[in-house]
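Since the structure comes first, as C-alpha cells, the remarks are kept for the end.
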Amino acid sequence: MPRPTAVEQQLRARARELLEKREVAGVLGFRAGTLPGTCVPFLATEPGDADRLVLNRDCAANLAAWLPRLRHRGRIAVVARGPDSRSIVNLVKENQVERDRLHIIGVADPDDTQPVRNPVVFDEFLGERAPDSPPDDYADIREFEALPPAERWQALLDELSRCIRCYACRQVCPNCYCPTCFVDASRPAWVGRTPDPSDNVLFHMVRAIHMAGRCVECGACAKACPIGIPLMIINRKVSLIVRDRFGSVPGTDPDAPLPLTAFDSEDREEFIR
Amino acid sequence: MMADTNPVPSTVSGDFEPRIVAFLCNWCSYAGADLAGISRIQYPPSIRVVRVPCSGRVDPFYILKALQQGADGVLVSGCHPGDCHYLTGNYVARRRFAVLHDLLGFFGIEPGRVSFSWVSAAEGERFAEVVREVTERVRALGPSNRLADARLTEKAERAG
Amino acid sequence: MKPRIIPGKELNGFIKGLMERAELYAPKERDTSPFPANPASDENPPALDAAEHSAGTPPVNGNREVSQFFRDTTEFRHITDPAQVNLDHLNTKLPLKELFLPRREVMFTFDTDTPERVEPVEAVAAERIVLGARPCDAAALEMFDRVFLDEATPDPYYRARREKTTIIGLACNEPGPACFCTAVGGSPHGSAALDLLLVDSGDRYLARPMTAKGEALVAHLPEATAPDIEKAAGLEQEARAAMKFTSDTAALQEKLKAGFDHKAWDEIALPCVNCGVCTYVCPTCHCFDVTDEESHGRGARIRTWDSCQFSLFTRHASGHNPRPTGRDRLRNRMMHKFRYFPAVHGTVLCVGCGRCIVECPSGIDLRETLTTLQEELE
Ligand code: SF4
Ligand code: SF4
Ligand code: SF4
Ligand code: SF4
Chain A
0 MPRPTAVEQQ LRARARELLE KREVAGVLGF RAGTLPGTCV PFLATEPGDA DRLVLNRDCA
60 ANLAAWLPRL RHRGRIAVVA RGPDSRSIVN LVKENQVERD RLHIIGVADP DDTQPVRNPV
120 VFDEFLGERA PDSPPDDYAD IREFEALPPA ERWQALLDEL SRCIRCYACR QVCPNCYCPT
180 CFVDASRPAW VGRTPDPSDN VLFHMVRAIH MAGRCVECGA CAKACPIGIP LMIINRKVSL
240 IVRDRFGSVP GTDPDAPLPL TAFDSEDREE FIR
Chain B
0 MMADTNPVPS TVSGDFEPRI VAFLCNWCSY AGADLAGISR IQYPPSIRVV RVPCSGRVDP
60 FYILKALQQG ADGVLVSGCH PGDCHYLTGN YVARRRFAVL HDLLGFFGIE PGRVSFSWVS
120 AAEGERFAEV VREVTERVRA LGPSNRLADA RLTEKAERAG
Chain C
0 MKPRIIPGKE LNGFIKGLME RAELYAPKER DTSPFPANPA SDENPPALDA AEHSAGTPPV
60 NGNREVSQFF RDTTEFRHIT DPAQVNLDHL NTKLPLKELF LPRREVMFTF DTDTPERVEP
120 VEAVAAERIV LGARPCDAAA LEMFDRVFLD EATPDPYYRA RREKTTIIGL ACNEPGPACF
180 CTAVGGSPHG SAALDLLLVD SGDRYLARPM TAKGEALVAH LPEATAPDIE KAAGLEQEAR
240 AAMKFTSDTA ALQEKLKAGF DHKAWDEIAL PCVNCGVCTY VCPTCHCFDV TDEESHGRGA
300 RIRTWDSCQF SLFTRHASGH NPRPTGRDRL RNRMMHKFRY FPAVHGTVLC VGCGRCIVEC
360 PSGIDLRETL TTLQEELE
C-alpha cells in the first residue's frame, strides 16, 4: 500500500467524522483495486471503512453514475472531482438526484488531462485547488476533421465495427439512466441486437446525440471499453458542437438550462433551407 | 468473418431515381406539399412522405434509421421559426438537427443526404423547389449511402 | 504419442506448414488505429511505473494506461502471412470462444414471401487450425461441449466448428497477475481440449501431441529427449507456483445453496454497473440470443452473444423481470458459475483466465468476490 497522500488523509478523516456523527448513510468514493492501476467505486458505511478510501488518477469511474442508484440509501456524501461534480449538476437538473440529499466533498481531479479539474459545486473542499486547465482547443478533433470525409467514415466504421455491444460505455455513464435504452427497445426494435457494423454505428451516433449538452468528458466510457474504441473522439466532437453552437459547457453552470432542452430564436440555421 | 461478408455488387445505373424519406410537419410543410399537389406544381416523384405532428417530433434517430434502411436521402421540413403550431417545437428541433447535421459531417456521411427546410402551408411552389433541389443533390450523390452499405443483412441481400 | 521438438524456436516453417494444411487462426494484433494520438496522454506518463509489471505481462487494464487512441487488441484472426502470428502476449483480448460461438452468427436466411423455405448457412466450410490457444481457453471448450454437444440436442453449428478445428495450445510459463487457473482445476500447461501443446522452453518448443490430429502435425519433427521433458515439467511447476490464489470451490458450492439472500451480495454488487464485459470476455460464458433481422423481404436468423448482466436477459414479454436489480444479475453470474453449472455438469464454469478481472470497468476482482463469499456465507 502506498502512503496516503495529504488529500487522502483529509478525506479519510472527514469521512470517518461524517460516519461517526451519522450525518450521512455512506461516503461514496473509491477503494484500491486488486490489480495495479485499478480503483473500485466504494461506499464507506462504517467509520472503520474510511481508511480504505483512495484518490488517484487511476480512479476511472464517474461517481455521479452511482447516485441515482443509491437514492434509497438516504443522505450520501460523495467525493466529487471536476467531472463528477459537473455530472451531479446535470443530474440535479434532470431530477435524477436531489441536491439537498447529497453532501458533496469537493476535491481537485488528480488526472491533469481533465479539462475541468476543480469541482463546480461542493459543500466542502479538501486539499489544494488544481491550476486551471488551459482552454481546450480540441486539437484532436480538428486533426481528425482535416481528413477527407471518406477516410473519416472508414476510420470510424473500422473502429465501431469492433464494438462487441457489451454496453460498458453506457453503463458507466452518469447520463445513461434511461429505464429502457433505445437499443434495448423491442417494440419496435430500433437497433439490431447483433454487432452489425451499421447497427454499431447507429448505436454510437444516437448515443452521441443523447450526450449532446450533457457529456462532461469524464472519459469513463472510453476507459471502460474493453476493446479500446476511441469513444472520446465522438464525445468530444459533440462537446465542441455544443460549445460552438450554443455556447454551453455542460455541467459548469448550475443555473443554465440544458442546451438541448432550450433554444434561442437567433440560433444559427445555416444548414436549413 | 462469416459467410455474410460478401462484397457489395455495384448497383449504379443510368436512370437512378432516388428514394427520399420526407418527414413533414402536419401544420405547415405537409399542407405546403398538399398545396403543391392541388396547384399541380410539378416536382420529382422521389419523396415518400411521413406526416408528423411537428418537426419537433422528428427524433434524429428516425433520420439515421431511414438511411440505414436504404433511403438514398432524407428531408425534414417544418414551420418557419416563429410559426410553430406548438409555439416552440421547431426551435427545439433546430438545435437537435444542428447537432445531427454536424455529427453526420464529422462521420463523413455526405452532407447532401440529409436536408432540412422550413416550408409554410402557403408555400406550394417553395415546397416543389425544395424537393427538386434535394432530389438533384441526392441524385448526384448516387444510390444508397454509407450507413446502409455497412449493413451485413443488406450485403447478404444484395449478394443473394 | 511421442513428444517432439521444434528446434531453434523456428516457428515460421512450422506455421507455413500449418497454413498449407488448413485455414490458420492465431492471435493477431490489430493494425494501428487511424486515429491521431490523444495529445494529452503523450506528455502524461502512465501512473504506474512500467517496471512494476513483470516481464511479458501486458499492461494491466490497458485502457487506463495506454493512450486510448492506440490501443492494440490481440484477437484470434485468420492468418494470411506467418508474420501476423503474435504469440508474445499473455492472453487474447477476446477469448478463443469467438471461433466456436461467434459474436454474430447467421444461422440461416429466408425470403419473407416463402417463409416455409429457409436457406441454411454452412457454419464453417474448410478445415481450421488454431495456433496459440492458452490452456485455460481450451479447457473452456470442454465446458462448451457439455452444453452444445449434449446428446439429446447437439448444436449443429457448434459441432461443425469443433469437428473441423485442430487446436494447438501454448503453455503459460509466466502467468499474469489476474490468472488463477490452478484454483479451478486447471494448469498453465494443461492439455484439455487440445490436439497439441507447445511449451516454450527457451531455445526450442516442446510439442506434445494429445490426439492423432495433433500428432500428424508434428510427426516429421525430431523426438524430444528426457531432459526436454524434464525441463518442461520444471517450467510447469514454476508457473503453478506463481499463482497464489486458492478457493475451495466444493465448499463454496454448498455455501451458495443457502446463501441466495445473504446481505454480502449487496456490498459485492455495489461497484458493478451490469455491463456485459465480464461475460463477453469470458471463455466459458456461453449464453446467446437469437433474433430475426429482415430487410426488403430478405431475412436472416442470427445468433448473437447475450449476457445475464443485462436487464433484457430475463425481462418477460409482460414487462415483469424476475431479476430486476443489478445485484440479482451479478448474483446469477456467480451462482451459474459456482453453483448451478457444477451441480449439473460436475465442474465450475470458470477456467481462471482472469479476463473478467482485467477488463471489469469497476475493477471488481472475481477472486476477491470468491473470498468474500467464502468468508461471509455460512
Ligand atoms: S459519454 Fe461523456 S459523460 Fe458519459 S461516460 Fe463518456 S465522457 Fe463521461
Ligand atoms: S464499451 Fe466498447 S465494446 Fe462495449 S458497447 Fe461500448 S463501445 Fe462497444
Ligand atoms: S462485474 Fe464488472 S464487468 Fe461484470 S457486469 Fe459488473 S461492472 Fe461489468
Ligand atoms: S469467470 Fe473470469 S476468470 Fe473465470 S473463466 Fe470467466 S473470464 Fe476467466
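Residue numbers (numbering that gives the first Met the number 0), protein chains in the order written: chain A, 0 to 272; chain B, 0 to 159; chain C, 0 to 377. Cβ atoms here follow ideal geometry from the backbone N, Cα and C, with glycine treated the same way.
Between Leu205 of chain C and Ala223 of chain C the beta-carbon gap is near 6 Å, inside 8 Å, which marks them as a contact. With a threshold of 16 other beta carbon atoms within 10 Å, Glu292 of chain C meets it and is buried. Residues of the segment 283-303 of chain C with a C-beta atom less than 9 Å from some C-beta of chain B are Glu292, Glu293, Ser294, His295, Gly296, Arg297, Gly298, Ala299 and Ile301, listed in chain order. Beta-bridge pairing by DSSP links Tyr204 of chain C to C:Ile5 and C:Asp199.
Neighbours of Arg102 of chain C in chain A, taken as residues at a C-beta separation under 9 Å, are given in chain order as Ile163, Arg164, Thr193 and Pro194.
Counted as a single uninterrupted DSSP element, the beta strand (DSSP E) harbouring Pro26 of chain C occupies residues Glu22 to Glu28. Restricted to the segment 97-172 of chain A, the beta strand (DSSP E) segments that are unbroken, complete and at least 3 residues in length are 101-105, listed in chain order. Taking the Cβ of Tyr166 of chain A as the reference point, at least one heavy atom of ligand 2 falls within a distance shorter than 7 Å. For Gly218 of chain A, no beta strand (DSSP E) run applies, since DSSP gives it neither H nor E. Pairing Gly7 of chain C with Asp202 of chain C gives a Cβ-Cβ distance under 8 Å. The beta carbon of Tyr90 of chain B sits closer than 8 Å to some beta carbon of chain A. In the structure shown, Arg297 of chain C falls within a strand segment according to DSSP collapsed to helix, strand and coil. Residue C:Val117 holds the alpha-carbon nearest to the alpha-carbon of Gly298 of chain C among C:Val117, C:Gln83, C:His88 and C:His335. Not one heavy atom of ligand 4 lies closer than 7 Å to the C-beta of Thr346 of chain C. Comparing C-alpha distances from Asp136 of chain C to each of C:Leu148, C:Leu234 and C:Ala25 shows the shortest one belongs to C:Ala25. Secondary structure note for Phe340 of chain C: its alpha helix (DSSP H) is the uninterrupted segment Phe340 to His344.
Neighbours of Ala97 of chain B in chain A, taken as residues whose beta carbon is under 8 Å from its own, are Ile240, Arg244, Asp266, Arg267, Glu268 and Phe270 in chain order. Contact with chain C is absent for Phe181 of chain A, since none of that chain's Cβ atoms lies less than 8 Å from the residue's Cβ. Residue burial is scored here from C-beta neighbours: Gln41 of chain B has fewer than 16 other C-beta atoms within 10 angstroms and is therefore classed as exposed. Residue-level contact check: Asn273 of chain C touches chain A, since one or more beta carbons of chain A fall below 8 Å from its beta carbon.
Residue state for His209 of chain A is assigned as helix, using DSSP reduced to three classes. By the rule that beta-carbons nearer than 8 Å mark a contact, Lys92 of chain C touches chain A. Straight-line spacing of the CA atoms in Trp65 of chain A and Ile233 of chain A works out to 24 Å.
Taking 7 Å as the cut-off, the C-beta of Ser86 of chain A counts as close to a heavy atom of ligand 1.
Pairwise C-beta distances place the segment 269-285 of chain C in contact with the segment 345-363 of chain C, as three or more of them are shorter than 8 Å. Against chain C, the CB of Cys177 of chain A has no partner CB under 8 Å away; the residue lies outside that interface.
With contacts defined by Cβ atoms closer than 8 Å, Arg161 of chain A and Ile75 of chain A do not form a contacting pair. Pairwise C-beta distances place the segment 89-96 of chain C in contact with the segment 280-296 of chain C, as three or more of them are shorter than 8 Å. For His100 of chain B, the enclosing alpha helix (DSSP H) begins and ends at Gly88 to Phe105.
For the segment 248-271 of chain C, the residues whose beta carbon sits under 7 Å from a beta carbon of chain A are, in order, Leu269 and Pro270. Taking C-beta separations shorter than 6 Å and ignoring five residues to either side along the sequence, the partners of Leu365 of chain C in its chain run Cys355 and Ile356, following chain order.
Where Thr164 of chain C is concerned, the enclosing beta strand (DSSP E) starts and stops at Thr164 to Leu169.
Look at Val117 of chain C here: in three-state DSSP terms it is strand. Under the 8 Å criterion on CB atoms, Pro225 of chain A is classed as interfacial with respect to chain C.
Across the structure, Thr4 of chain A and Asp135 of chain A are spaced so that their CA atoms are roughly 29 Å apart. Close partners of Pro59 of chain B in chain A (Cβ separation under 9 Å): Met204, Val205 and Ile208.
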